[in-house]
Structure formats: C-alpha cells, structure tokens
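Those protein sequences? They're chains A, B, C and D, same order as listed.
For what it's worth, this note's numbering labels the leading residue of the first sequence as 14, then goes sequentially.
For what it's worth, this note's numbering labels the leading residue of the second sequence as 14, then goes sequentially.
For what it's worth, this note's numbering labels the leading residue of the third sequence as 14, then goes sequentially.
For what it's worth, this note's numbering labels the leading residue of the fourth sequence as 14, then goes sequentially.
Below: the structure, in structure tokens.
Protein chains: 4
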Amino acid sequence: MPLTPEQQEEIDALRATPRQTLRAVSEGMEKHLYTAYPVLDHGFVRVIDYMGDDNAITQAARVSYGKGTKSVSNDEGLIRYLMRHWHSTPFEMCEIKLHVKLPVFVARQWIRHRTANVNEYSARYSILDREFYIPQPEQLAAQSVINNQGRGEALSGEEAARVLEYLKSDAARCYDHYEEMIGQEGQQGLARELARMNLPANIYTQWYWKVDLHNLFHFLRLRADSHAQYEIRVYAEEICRIVADWVPFAYAAFEDYRMGGATLSARALDALRRMLAGETVTQETSGMSKGEWREFETLLSAKG
Amino acid sequence: MPLTPEQQEEIDALRATPRQTLRAVSEGMEKHLYTAYPVLDHGFVRVIDYMGDDNAITQAARVSYGKGTKSVSNDEGLIRYLMRHWHSTPFEMCEIKLHVKLPVFVARQWIRHRTANVNEYSARYSILDREFYIPQPEQLAAQSVINNQGRGEALSGEEAARVLEYLKSDAARCYDHYEEMIGQEGQQGLARELARMNLPANIYTQWYWKVDLHNLFHFLRLRADSHAQYEIRVYAEEICRIVADWVPFAYAAFEDYRMGGATLSARALDALRRMLAGETVTQETSGMSKGEWREFETLLSAKG
Amino acid sequence: MPLTPEQQEEIDALRATPRQTLRAVSEGMEKHLYTAYPVLDHGFVRVIDYMGDDNAITQAARVSYGKGTKSVSNDEGLIRYLMRHWHSTPFEMCEIKLHVKLPVFVARQWIRHRTANVNEYSARYSILDREFYIPQPEQLAAQSVINNQGRGEALSGEEAARVLEYLKSDAARCYDHYEEMIGQEGQQGLARELARMNLPANIYTQWYWKVDLHNLFHFLRLRADSHAQYEIRVYAEEICRIVADWVPFAYAAFEDYRMGGATLSARALDALRRMLAGETVTQETSGMSKGEWREFETLLSAKG
Amino acid sequence: MPLTPEQQEEIDALRATPRQTLRAVSEGMEKHLYTAYPVLDHGFVRVIDYMGDDNAITQAARVSYGKGTKSVSNDEGLIRYLMRHWHSTPFEMCEIKLHVKLPVFVARQWIRHRTANVNEYSARYSILDREFYIPQPEQLAAQSVINNQGRGEALSGEEAARVLEYLKSDAARCYDHYEEMIGQEGQQGLARELARMNLPANIYTQWYWKVDLHNLFHFLRLRADSHAQYEIRVYAEEICRIVADWVPFAYAAFEDYRMGGATLSARALDALRRMLAGETVTQETSGMSKGEWREFETLLSAKG
C-alpha cells in the first residue's frame, strides 16, 4: 500500500479545488492529476503538472509550416505525419511533471535519460524511510540462459524461498544499522551522508521528474519495451496509460510508429524486396549476420 | 503596429474563455496570457502557455530537502536561499512557452541559447512577410570607439539620413525581387528555399520558444544586461516584466542575486579585504590586469 | 576558390609538423586534418581536431558489458550490434571538431542541431567579407509542385538569367552599402552590430563546430538525406566522406542501419506480413493513409 | 590498492607506444594519460583521451572575435578575459575522457551533471566485484549540528568501532548473498539484474565519463568546493591536479575567477560600497537575511 491516509487526504484536497485558467486544458489529463497510481510494492507515479495537449503540437507545427495546414479536421493526420517523418520539435512543446517513488536501482537506470529535470529526495539531507522493493514470487526470475541482460523463468521451491529470505533480512539488517548509526541518543550519530551508504539498492527513493513529450516518448520506447527490465517497465507502462489520455492522437501515433514499429537496415530492406519478388532468401544470401537474421525472421513472423 | 485586427480578435477570443483546471495557477501570469506585447517596430512577445509558479519551486526543493522546510511563511526565504546557493534544479520545474516575432539577426543571437525548444516559421515552406526592422533615429548608433562589440552615440544629420535610406531601400528592393523570383505567373518561379537567401537579416521571423525558468534566467541575465545589443535587450526586458508577475519571489531573488549582483575573483576579494582593513590598493598591488581593475573600480563606485 | 594562398600555407605548415602522442590515433583521419575541402562556391569543411576511433567505441561498450565481449576480431560485429540496437552512448565517446565556412541561410538550419558546441564569427565584433553564395545554373531550381518544402527542375532561359542577376546585384549593392555605412572616413560610421542587418542570407559566415559521433550521425542522417536542401546536403556529404575514413566500421554500420535503413510502422509491418503470406494488400485494407501508403510502396520498390 | 598487476601492465604497455599525430598536443597531459591515480580505498581516476589545449580555447575565441586578438603573447590574458566575462563556448572546445572507479553513492551525485557522456559498468549484464568503500577513521564523521547537509567531528571510541563493524559486516554479508543468489551450481541462479538490488551503496562501480572543459569546470566548482561531500571532493581534487597540467592558463583563470571567487548580491554590493565609504553597516541596515549576512561576513574576513 503505497499511500498513507494523510497523503490520500492531501490528494483529495488538491483534487477538490479547481481554478480557472486561460491555458490549454486536457480533460483527459485533468482526471489523473495528483492521483498516485501504485507501481511495484511501495512505488507510485502521479502527475503533478502538465503543459499542452494534442492541439499544442499541431499549433507549433503550424507556426513552422504556415497556413496551409489549418483545417481542424486534420489534427490527427498532421500528428501522424509529424511522427512518421521524425519532426520532433512540435512534440517538445508539451511538458509533463511527475512525482515518482521508485527503488534506487530503477532510479539509476531512469536517470540515464539526461534530457529531463529532476529533484530527488536527498539522503544527505534527510532520512530515508524503511521501504524496500521485494519482488513478487512470479518476478523472482532466474538469469536468462540466452541473454546476458535478461531474465528467464521464475525461481521455485527452496531457492526462491532462500532468495526472498536474503533480500528481506539483508534489507532489514542494513536499515536497522542505518537507523542505529544515525541515532543521536547516547552517541554523536554518524553523518547521514555517510550512513546512507549502508543501504541496499532496493530501498525506495522519490523524485519530481519533468520532461517534454518528445523525450518522454523516447524514454517510453526504450523502457516500455519488452526487453526493458520488468521493474522499470511497469513504471513506463503506467505512464503510457496516462499519456494516452493526455494526448490521445500523439500517443496513438507513437504506438503505431514507435512502439509497434521497427527499423530495418538496408540489407533487410533488400532481402524484403527480393522476398516480395518471389525469391527465397536465406541468412547466407541476405548479407545479414546470424543475430540480425534471427531478429529479422522474428519480426516478420510476429503477430501484429 | 505589430498586430492585425484579426490577430487581436483571436487573442480576445482566447482570453474570453477560461476553463477549469486542477493545476497550479499563477494569477499574475493569467492576465498576460496570449496578449502580444509590441517590441521594436513589428515584433512582439506573447505568452502561449506556462507551467508552475513560485510554489512549484519550493515544492520541488522540499522533495529534495524533506519536511524541515515546510512552513508556508518561508517560501520567499527558501527561494532566496536556493538562488544564492546556485540550486538550479527547483527553478527548472517551471516552464514558459512564448510566441516571439523578431528580426532574423536577433533570432541568430537568441538561438545560441541551446537549452530550449523551438519551432520557427519555415522560409523553405512558406513565404515571409514584407516586414523589416528599421531602427528609430535614436537607435541608429555609431560604432563604439572603446568597445569592438558595442555602439556609441546616435548618428546625426546627413549620415543618419543616408543610413536610413540604405536600410529601407535595400530591404524594399530585396523583397521586391524575392516576390518576383517566387512568382509563378508567366514563369516557373524559383524555389522558396532558394529565394529566401536574397532577404537581409532585418526581416522578421517568428517562433514558439519554450524554456524552463532556470535557463530563462540565464538568458535574461545575459540579454537584459546593459552590454547586450539593444535589439535583443528590449525583448529580454519585456520578458522580465512578464516573469516578475508570473513568479514574483523568484524574480525578485533573480534581480538581487543575478541581475544586480556581480562575481568577484580571488584577487578582487583579496583587494577588497585589504581595502576594508584600511590599506590603499592600486591596480599594481592588486595583481589584477588593467581591464579587470577598471571593471572592479566601476563596480565599487556604481550606484546600487 | 575558397582558400587564399595564406590559408593554404598555414594548412601546409600545420600538416608538416607531426608530434608524438599516447592517445588513440585514427590514421584515416590524420590524412584529412586541417585540409579545407571546398563546398559550394566559397565554403569549405576542414577537420581541426578529433578524439577516438572505432576502437574507442568498442572500448566504451566493453566498460558497460564486461569481459564477455573482449575478442578483438569482434570489433566490427560489436559496432554493428550497438548501432542496430540503438545503444548510443558508446558512439558519444568519439568527438570531432570542424571548421566550416557556409552561407548564413545554411547556418540557420545547421544550428537547429543543439547538441553541439559552436564558436561562430561575430558580425557584431568583426567585419564580414564580401562573399556570397550564388547557385550554379543547374541548382537554380523552381519550386516543387508536389512538395511545399522542395525544389523541382532547374529554371531556364530568361527566368534563370533574371534570377541570377537579382541575386548578384542585390548582394553587391547590400554589401556596398554595408561597407559604406561602417566606413569611418569623413563620418562616424554605423555600429557593426547594426550594419550587418543589411546583409542578405547568402553571405558566408564561419564557425568551429564540435560534436560527438552519435549526434553527428543524427545530423548526417537528416542532412545527407535526399530530402535535405541541396545547399546543406553537400556539406553533410563532404563530412560523410571524412567520417568514413575516421571510423570505418561505425560509418559502414551507420550507412546500413540509418542512411539506407527505414522505419516501418505497426500497420506497415502488418501489411508486409500479410503480403509475404501471399495476400494482396491495398491502401484501403492496410489501414495506412494515402501518404503513408505511397511512401510504403516507394520503399518496397526502391533499388537497394 | 586499486590496480591489479594486470591493469598496471596494460597501462605500462599503452604508455610505451607513442604514435604520431598532427593534432594539438598538451605535453602536460600526455604525462598523465592512462595512469590510474588512486582515490579513496579502491577507486581511481585516469585520463583515457583528451582533445585540445589552452591554444584551442583562444583559437576558437579568435574565430568569433576576428583578427584583432591574434598576438600569441596574449593567450593568457585572452583566456582570463573569456573566463571573467562568462564566455563559455571557447572552453567547450576542449574535451576530456576519464575512466573513473567510484562508490555507487558517489556515482549517484556525479551523474546529476547531465551535460556529459557516460558508459557505466552494467550490473544487469555483468557481476560486480567485491569492493566496498569503508571510510578511514578520520572520515567517519558525525552529523553536523549546524548544517543538515554536512558532517562534523570524527566519531570516536566505541561508536566509531561499531559503525566500522556495521559497514564492513553488512557489506560482506550482502555480497556473500549476492554471490550465492546468482550462483548456478545446484540451482537456477537469480537474474543479475535482480540480485544487484541486494548490494549497498558503498559498492564500487566504474565508468567512462567524457565532458567538455566548460562543463568540467562547472562540475569542479561544485564538487571541489569545501561544502561538497568529502567522498566526491577527493575525485574532483584529483581531476583539478590533472586539468592544471592539461590547460594551465585556463585552470589558473578558473581558480581565480571561480574556485576562489564569489558572487555578491545587489544588497551585498550596496553594503560594500557603504562600508568602503566609511559607514558602519549591520545586518539590519544591510537588507540581507541573517543567513546571507553571516556568509557575507565570512567572505570578507576569509584569508585569500
């Protein structure tokens, strides 16, 4: 349960007091504002603020391309055109600010997306809460045997139990010692900026994260992808659901051209043309490496 | 007169239809929304959208620094503290989107600020209007004799008249030929992406420009400064007036610590300490170069 | 002829004095260093400095992925893998610094790529040379009738002659007046920061431009593309030739996966799968818009 | 001892084979190349590559400012001028690539500097080594009583011993369990991307970090500062020593204007002017807050 009654109360209060504005309003987004959607065992995602809507994207595009594109009925088509042709600047005209609570090892992946603004909870300054991510049994997965960077089947039986026990007891002991070290009763108390080093990477942190829609789509393409680590993917998926309501045309175009799309190399395109002309193409005659050929075959046989 | 009746009508319509939102609202900013404030002879600045207010800055800072800083009465003090100690990330949590019409040579300076999002009118795609910046007589200044990168007194008499005549007639002739070259009556018509090269740098362009408050302050510090070229400074000053209403605490701190402040070198600080102790310090005994010493003296004698 | 004898002499002198270094050296790049390759009528591109080579890319990747990838024979395969899977950070480990002389209207497109470092010749501070881009007759193209943002056939006969005459005489007159306005004999002389506004956009400027390889590839994909305006494309193509010698494996992967590749939408992939299964797919049954379908057909029928 | 004999051997081999280049060479930097300078108990900093030298900075400035600044004797003065007037782009023309081994909690601070390129060791892909930062006794400091974000005196006696024991034994136990969980003998073995979450933040990671000189100076100003946490400051100080040899003029200017300098607010400048005119100024009559006044007094009484 990620939210305390006090937090829920604060959210309810914020949601109860609408104000007037002359700005663009996305009705689909207003209904999400402030609500903390639970992710993992103690995490959440909630929208703190946003700027713009689908119309802000086409409006910016029309500054560039002039009056020819003005008919309102064209909004969806124009957005699809912009997405297809990698015109990224109109999508940068929308902005979102999220409050995210997430385990430190997820935060370490997330922060690699540099084109965003971040204010993170400071463990130099403040004391971290006793909250650790402990995977659900079905997520306690074995190392993948085919992919260095992935996971396979869930562990089972004794092994699963032992792993769970380690994760829980190590987190608890590290946190007990963290608390004891910074405590100031009967002792000086270790500096917080030092004591935090004893905390394992499944402890939760939180931050405000602000990003424009273009860079958010880039983040979502990588992190909502099936190859992303499960623990960051669930955050990305939650954000996808929100964005779909915020900018429905842009999100649909993103799904079609980015999430559901694929980039083919010159060699792959050449193989395709030959296949469509009736030729039987093999890995050897394609010029592709084995790895690339395997990915190519998977792509062509996938269900849409 | 920068606005056509149609544009004014559109602005009036936008301003007439407030909607409800749950987001943070800056009342000071709402009154500016959409209004085009004239700058130079044909330019303007107008706010298209914004995100956040003073409270959004302290709210983000409190995510980092925890509960100790919560009392509302502290908002101004906290913002001043953040500004004084160069804590830039909380200021990045506010965002503004402007529509700006400006001469091309001003746009070329402006765009050097890279941390912003831009959609500019495309002269490849569309036809530019016949609008050129022609300086007011008092801005028709001579080259500075002490500063390679500055201007001195206004030109006068015949010289001023001749310069004005050149600027006007060259702009007119270049635009006449531009129009004639792209015309398609009785001829093919030159591609717009080529014809635009005949237009001088005082022609007006326009763009949407979106930036966060931290980077906007950086822009304003450089461009609202007395050393900035007049033609960009008037835009920066207009934006200053808007920002002062949008985030009054942050803007006041910016004025005190950035616009009105100064950075002193180790040598200058050392000289100061000696002067306060009663020593007479000269350029020679200060270790400063002549140029730096001159700037140091100017700073200490300036009226606050 | 873009280079003066003095410039050529300076380049020859720089090229005559090799020094010793312990850094990674790209032999293919050393032969290009300092040489100014002519582009358009007065422009050039020359390499001032570089950091890294193909090996720097794989070296950085191996810091991330550990020892499994160590065999040297794998360098090309690893680079292709990184490019195929959009692992951009290893490519950011190479850097190039170029000196470019280019018309202002080209510089205005170029600068939109924000992730680069730039030092441009300042027309506020210094006087611009009398050098204007005047297109070759075969590049004096008509506006495209099918694409707002493109050009069609070359103009011919009287129209071509008239356009050339306008471009040349307007440039000359504007420059004459520029010179006259800033002149200080018998008059004060207009400030350079103002006088420059009289110069048309085909005047040449120059800059140092420094960028990492990942962002350079992004620039080249957009600007060496057949849809890019000819006048920037010739710069991009010249840079492509240099990069091919600098990082041959990375450049070959870039050609295959980016320049020669294509991104297909989910709808396009679905159509492809159905076509490979023997179904006849039309625009109507594909779910694609007319525009997208046209692009899809063109892609499949193109020669590799 | 941070380096294995194998690593030292590799460094010696790299340092033994100079090659010829036509690029700018910094002799002061060549002597540092590849050498791993120890930092903390298991960390290090070493230079992998660099681009440019002091001359590259003035060369770029001269592209902007033209021929007036050409005399070679002026290099130091020009660099000081650029630094004093916040002309940042010429400093961006130098680039450095470092290999850094550092504790995770230090890496988390470091990565907040976004304008850099990073390739970090992937604990999703590879297994982390059993190396943890354990502070020296004199660094085992108590929480500061005056600064939420700082440390005071070193702990002593039993308390120090207990803290050391916790840090060591928790790290050892967490790593034992990490190893056991990913082990594949007689069990499936937990995915590495999950097992890593059991490791505390004092474990070491490593990365390649590439940054331009302007942004490096920004990093050093914040992290070599006395208010920075000791564990990141020692890295910054080590880098300072290297940079002083790489670009001696630029580094000296940085020390004078940034590290040793200070920014005064408008109110502080006003107080100074009054003090220099003989007036006695107090906090009350200065308009400064108590905190700002305290900092102001400290600055003026500091030894240069």
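Virtual Cβ for every residue (Gly too), placed ideally from N, Cα, C.
Buried or exposed for residue i, going by 16 or more other Cβ atoms inside 10 Å?
i, result
"Glu2 (chain A)", "This structure leaves residue 2 (chain A) out entirely; chain A is present only between 14 and 317."
"Val85 (chain D)", "Note that Val85 (chain D) scores a pLDDT of 45, beneath 50, so its modelled location is shaky; the value from the coordinates is reported in the next line. With fewer than 16 Cβ atoms within 10 Å of its Cβ, Val85 (chain D) is classed as exposed."
"Ile61 (chain C)", "buried"
"Ala29 (chain B)", "exposed"
"Ala284 (chain B)", "buried"
"Lys223 (chain B)", "buried"
"Thr311 (chain A)", "exposed"
"Glu251 (chain C)", "buried"
"Val158 (chain C)", "exposed"
"His100 (chain D)", "buried"
"Arg236 (chain B)", "buried"
"Ser8 (chain A)", "Only positions 14 to 317 of chain A appear in this structure, which leaves residue 8 (chain A) out of reach."
Output yes or no for whether 8 Å exceeds the beta carbon distance between residue i and residue j.
i, j, result
"Glu49 (chain D)", "Arg36 (chain D)", "Inspection of the sequence shows that residue 49 (chain D) is occupied by Ala rather than by Glu. Contact flag unset, no."
"Glu200 (chain B)", "Glu198 (chain C)", "Looking at the sequence shown, residue 200 (chain B) is not Glu but Gln. No; because the gap between Cβ atoms is not below 8 Å, this pair is not in contact."
"Glu108 (chain A)", "Asp258 (chain A)", "no"
"Met42 (chain C)", "Ala73 (chain C)", "no"
"Val131 (chain D)", "Thr102 (chain C)", "yes"
"Leu168 (chain C)", "Leu229 (chain B)", "no"
"Ser39 (chain C)", "Tyr78 (chain C)", "no"
"Ala155 (chain D)", "Gly163 (chain D)", "no"
"Arg93 (chain C)", "Ala266 (chain C)", "yes"
"Arg205 (chain A)", "Ile140 (chain A)", "yes"
"Tyr270 (chain A)", "Met96 (chain A)", "yes"
"Phe262 (chain D)", "Asp67 (chain D)", "yes"
"Tyr221 (chain B)", "His112 (chain B)", "yes"
"Asp183 (chain B)", "Arg125 (chain C)", "no"
"Leu91 (chain D)", "Thr71 (chain D)", "yes"
"Pro31 (chain A)", "Gln33 (chain B)", "yes"
"Leu27 (chain A)", "Tyr47 (chain A)", "yes"
"Met194 (chain D)", "Val76 (chain A)", "no"
Would residue i pass as an interface residue toward chain C - the criterion being a Cβ-Cβ separation below 8 Å?
i, result
"Ile159 (chain B)", "no"
"Thr48 (chain D)", "no"
"Glu297 (chain A)", "no"
"Ser278 (chain A)", "yes"
"Ala184 (chain A)", "no"
"Lys103 (chain D)", "Note on residue identity: the sequence assigns Pro, not Lys, to residue 103 (chain D). It does; some Cβ of chain C falls within 8 Å."
Please confirm if residue i has its CB atom under 8 Å from at least one CB of chain D.
i, result
"Ala237 (chain B)", "no"
"Arg32 (chain C)", "yes"
"Tyr78 (chain A)", "no"
"Glu43 (chain A)", "no"
From the DSSP output, read off the bridge partner residues of residue i.
i, result
"Gln296 (chain B)", "Beta-bridge pairing links Gln296 (chain B) to no other residue."
"Asn130 (chain C)", "C:Lys223"
"Ala275 (chain B)", "D:Leu277"
"Ala167 (chain A)", "A:Ala154"
"Glu108 (chain A)", "A:Met64 and A:Asp225"
"Tyr217 (chain B)", "B:Pro116"
"Thr30 (chain C)", "The partner list for Thr30 (chain C) (beta bridge, DSSP) is empty, contrary to what the question assumes."
Between residue i and chain B, is any beta-carbon pair separated by less than 8 Å?
i, result
"Leu177 (chain D)", "no"
"Glu172 (chain C)", "yes"
"Ser39 (chain D)", "no"
**Report entry** Given 8 Å, three or more beta-carbon pairs between the region 139 to 159 of chain C and the region 201 to 212 of chain B
**Finding:** The region 139 to 159 of chain C, when compared against the region 201 to 212 of chain B, does touch it at the 8 Å Cβ threshold.
Query raised in the report: Taking three-plus beta-carbon pairs below 8 Å as touching, is the region 274 to 285 of chain B in contact with the region 268 to 280 of chain D?
Result: Pairwise C-beta distances place the region 274 to 285 of chain B in contact with the region 268 to 280 of chain D, as three or more of them are shorter than 8 Å.
**Report entry** the region 232 to 247 of chain D touching the region 111 to 129 of chain D, judged by at least three CB pairs closer than 8 Å
**Finding:** Counting Cβ pairs under 8 Å, three or more are found: they touch.
Query raised in the report: Does the pairing of the region 284 to 297 of chain B with the region 291 to 298 of chain D give three or more beta-carbon distances under 8 Å?
Result: Judged by Cβ distances under 8 Å, the region 284 to 297 of chain B makes no contact with the region 291 to 298 of chain D, as fewer than three pairs qualify.
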